[in-house]
Structure formats: structure tokens, C-alpha cells
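Asks: Protein chains in written order, with our numbering: chain C, 6 to 296; chain S, 74 to 359. The structure follows.
The structure is reproduced here in C-alpha cells:
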């Protein structure tokens, strides 16, 4: 029973991790909280479902939707980040709230406000490992999320653009003096952040079969919570934080009832901020390695 | 007046109060995205008092506001450690906790997720709402001309320096947070007794965000900014009815555009300084 709950928590947590990474990339590199990530997540699911309705296979729909949500984040960069680079740090945050409202409204008008579902993607095969039971779809979704996280980590640690991102995270001025094309790095950061949020949206839509224009708010806030619990601006922290929030959520529902769920999650956020604002991984990770 | 105009006016009054409730902590440099939580506390406490204990409206509003204010102070103390986005997130978490509390607890009294029905039989008159608006506008008017107002402004601009010149920053910030929570609580009580129905879902994150947007759009450095922002946000949708379903998109674009054009809001300190009610001496650069 406990292990089953733990597995369910990790399944849910992998979505939160992806969203938290989307937040933490912008936070760590550009010190910006993009509030519209929740809606970008929603757009991911909507785009994915639209492509599948158009007859594309899932293998094509996922990367296409990721490109679309990445592009939508480039629009956010153009209007909420670039003109406001010298404004007080809260101004970009509020500007992205404008994008939240905009994206949600456009989706409601073009898509409709009803809930819809992804068509069944795989044969409903259940895999049982000892006492633990999960469906093939769940397993593949978890594997995909983990794959995306590993790919991102390699991207940041090993590639040239990743190195540029780490340089900009240290100091934008120094990086530009040293010849880093920071405009490109910033655009790339927004794109990666948006496409990860979009991927999270599709995977969430697949595993919980809910797609609606209003699906983004709650996972978005929980993604922020995961980012803070794990340590702001730290990709590995975001992964740990997301898993942690997911497990806490599932366990609190399982053992304390559904009323306890949001208390546990938001109580944890509140406590984490007060007692450990640097996050779980805040100490292990030295200040210099921001992402 | 038609009931449509009455509704609009009372809505405007409540929104002005909510804007002031966000402005007050923001004037000392604290952003709260949890004021819907304080509003919910005021609304539920005052409604429980009038419905179940048959208390008169005025003391119920006050008790609702004070309850919210006390909880605001309790939240405000730990919040002192947090700045900027961290504080925003902590208050957001607080607001969600309050919403979930009223969703799941006290349900025999409040109806929980089904909503709290039957708060009185007729709505309170609009003069109640505007009486409170007038009171708080006067309060902030005199506050902005007082030494406390100057201290708040100093704390907003530079905390370290204002502490060095002897401003009690802890007292200032915590009481600003508490007063903001009190105003939100009173506004919640008025809301409950005007619409005669409340449910936890009214007090979600978007409600808190709207309050912040009033202040940010209008200008976060003077209380007139919040008043203007609340006015625009309440009245503009009525003039935009021809946009039908696209009003949200228009609002989103308006917010984005305004942030680019005027990142510190429509009304700035400089604009007020040239006018006759300026609290500053001419030629003094603040």
C-alpha cells in the first residue's frame, strides 16, 4: 500500500518537477518568475490534443507541441522580459500575469471551456511488480519525464549553450564582456523553459485525462512550490522538490483524506519559506552553481 | 439609481477597499498575493457572527476585520524574513491555506464548498460600503502627510538606510501588514453582506492577483494609484461589453502594454508632487 502510494506520488511529482524546472530555469538564469508557466503548461496539453485530433501520432504531437509552447514563451520574452530588463523585479512578474490572462482567454474562446480527454494512447496493459501495480502508460510517462530531465541536465552541463546559460546566471555583464551572445542565451532559456512546461502539460493530460483551459493554475502554483522547496534556481533541486510535493500530496490524500491535500502542500511551502528559504538542496549546492 | 448602477458602485467601493488593503503593505515594500485569504476571514467571521450569533452588522464587520488583522500580524512577523518573490509566494500559500480551511472546516456553520447562503435577507445599503471607503481614504490621506507616512516611504525605498536613521522597521512593516489585512477583512465582511452569499472559491488566487493588479496598474507609490486602478478595473469591463468573450484577452494585453509603457503605474510620486496636496516641501528631492 505504502509503496503503491509512493509510486503514484512519483508519477504526479514528475509533472511537478518538469514545471518546477521550467520556473527554475528562468529564475536561476534571469531572476524572473514567469507566472504564465501554468498557462504554457495548459497550452502544451491543448496543442498536443489538437495535433492528435488532426491525425498526428503521439510521437509527433509531443515534440510539435513542445516547439509551439517554446515559441509562446519567446513571445513572453519579447513583451514581458526584454522591455522590462531594467524595471524593478516585480514588474516582469506582473506582466506575465497579463500573459496568463491572455492565454487562458484565447484558449477559452478558440477551444471552448469544456473538459476534454486524450484518446487512449496505448493498450491498457497493467504491469505488476510485486505488490505495486501501474499501467504501461504511466510507466512510459514517468520514463519520458525522467528522460527529459536527464537530457536537460546534460544540455546545461555539457553543451556550449548550456555553458552560456551558466555564465549568464553568474552575471549577465561579465558573460557579455567575455563574448557570450546573451540575447541568444536568453531566448534559448525561454524556449527550453516553455517546451518543458508544454511537455509536462501533455504528459499530465495523458495520465490524468483532463484537458481544459483552466487546468494550468493549480499545477503552476505547485510547480512554484516545488521550485521553492527544492531550492530556487537549481535544476536538481526542482526535480527533488517536485517529487517531494507529489509524494506529500498523494500520501496526505491516502492517509489523512482529501481535505488534507492542499493543507499539506501549501503548509509545506509556507514552512519551507520560513525555515529553509534556500531549499532542500540549498546547502549541498554552493551559491556559485546556480543551475 | 437602477440596481445595475448600484451593483457597479458597490463593487467599485469594495474593490477600492481591496486595493487599499494591498497598497498598505506594499507601501513598506511588501507584496502580498494572499489578501483574498484575509478577505475570506473577514467575510466568514462577520457572516457567522450576524447569522449564527445575531450580532449587529457594525460590530460583526469590526470583529471580522480585527480577526483578519490579528492573523495578518501573525503572518506578518515570519514574513519579515522574506522579500520580493519569496514573500509573494508565502502569502500566496497562506491564501490557499485559508481557502482550503473554509472549504473543509466549520462546514456546519458555513456550508463549506456548497457556499454560505442566507446571510441576511436584504443587502446592506451602499452607504455602508462607501462610508468605509471614505473612512479609509481619509485615513490614508492623513497617513501620507504624517511622519509615519514618510517612514513608510523610506522603508519602501531603502530598508537599511531607514533603519539607520532610526525607523523601527519591524513595527512599521508588521503593522502595515496587519492594517492591510484589517482592511481586506472589512471589505470581505461588506462583500458577504452585500451579495448575501459567499463560497470559498470566491477567494482564490485570482482574486488576490486582481487586487495586486489594481495597485500596480494605478501606481504602487501612492494610495491614489490603488483607487484609480480599482476604478479602471471595475468600470472598464462595463465599457468593453462590445468585446464580448474577448475582454479577458484585452485585459491581458492592457496589462502587458501598461507594464511596458509605465512600469511604475499610472500615478507616480512625481505627478503628485506638483499638485496642491503634496506632502513634500517643494524642491526636496525624495
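Heads up, the beta-carbon is just placed ideally off N, CA and C, and yes, glycines get one too.
1) For residue 47 of chain C, count the other beta carbons within 10 Å of its own beta carbon; 16 or more makes it buried, fewer makes it exposed. Which is it?
2) Give me the chain C residues within the contact set of residue 319 of chain S, using Cβ-Cβ distance strictly less than 9 Å, ordered along the chain.
3) Look up residue 185 of chain C in the DSSP assignment and say whether it is helix, strand or coil.
4) Assign residue 122 of chain C to buried or exposed, taking buried as 16 or more other Cβ atoms, counted over all protein chains shown, within 10 Å of its Cβ.
5) So is residue 271 of chain C in contact with chain S if we call contact Cβ pairs under 7 Å?
6) Give the interface partners of residue 289 of chain S over in chain C, defined as CB-CB distance under 7 Å, in chain order.
7) Got a sec: is the Cβ-Cβ distance from residue 106 of chain C to anything in chain S below 7 Å?
8) Any idea what DSSP makes of residue 123 of chain C, helix, strand or coil?
9) For residue 225 of chain S, count the other beta carbons within 10 Å of its own beta carbon; 16 or more makes it buried, fewer makes it exposed. Which is it?
10) Taking contact to mean at least 3 C-beta pairs separated by less than 8 Å, is the region 84-99 of chain S in contact with the region 301-312 of chain S?
11) Taking only runs that begin and end inside the region 130-179 of chain S, name each unbroken alpha helix (DSSP H) of 4 or more residues, in chain order.
12) Would you say residue 43 of chain C lies against chain S (beta-carbon separation less than 7 Å)?
13) I'd like to confirm something about residue 142 of chain S: is its beta-carbon nearer than 6 Å to some heavy atom of the ligand PLP, or not?
14) One question on the structure: do residue 248 of chain C and residue 43 of chain C come within less than 7 Å of each other, judged by their Cβ atoms?
15) Thinking C-alpha only, which one of S:327, S:326, S:340 is nearest residue 299 of chain S?
16) How is the alpha helix (DSSP H) around residue 259 of chain S delimited, first residue to last?
17) Beta-carbon of residue 274 of chain C versus every beta-carbon of chain S: anything under 7 Å?
18) Could you give the distance in angstroms between the alpha-carbon of residue 204 of chain C and the alpha-carbon of residue 111 of chain C?
19) Do residue 255 of chain C and residue 33 of chain C have their C-beta atoms closer together than 7 Å?
20) With a 10 Å radius around its C-beta and 16 neighbouring C-beta atoms as the bar for buried, classify residue 261 of chain C as buried or exposed.
21) Mind listing the chain C neighbours of residue 326 of chain S? Cutoff is C-beta to C-beta under 8 Å, in chain order.
22) How about residue 204 of chain C: is its C-beta nearer than 7 Å to some C-beta of chain S?
23) Pair every Cβ in the region 21-41 of chain C with every Cβ in the region 77-90 of chain C, then say whether three or more of these pairs are closer than 8 Å.
24) Tell me the residue span of the alpha helix (DSSP H) that contains residue 56 of chain C.
Replies: From the atom records:
1) buried
2) 110, 111, 114
3) Residue state, collapsed to three classes: coil.
4) exposed
5) At a cut-off of 7 Å between beta-carbon atoms, residue 271 of chain C makes contact with chain S.
6) 99
7) yes
8) coil
9) Looking at its Cβ environment, which holds 16 or more other Cβ atoms inside 10 Å, residue 225 of chain S is buried.
10) Yes: at least three Cβ pairs fall under 8 Å.
11) 130-152, 157-177
12) no
13) What this structure holds is no ligand at all, so the ligand PLP is not there to describe.
14) no
15) Residue 299 of chain S has its Cα closest to that of S:340, out of S:327, S:326, S:340.
16) 242-268
17) yes
18) For residue 204 of chain C and residue 111 of chain C, the distance between alpha carbons rounds to 20 Å.
19) Using a Cβ distance threshold of 7 Å, residue 255 of chain C and residue 33 of chain C do not count as a contacting pair.
20) exposed
21) 103, 107
22) no
23) Yes, the region 21-41 of chain C is in contact with the region 77-90 of chain C.
24) Looking at the DSSP string, the run of the alpha helix (DSSP H) that includes residue 56 of chain C is 42-58.
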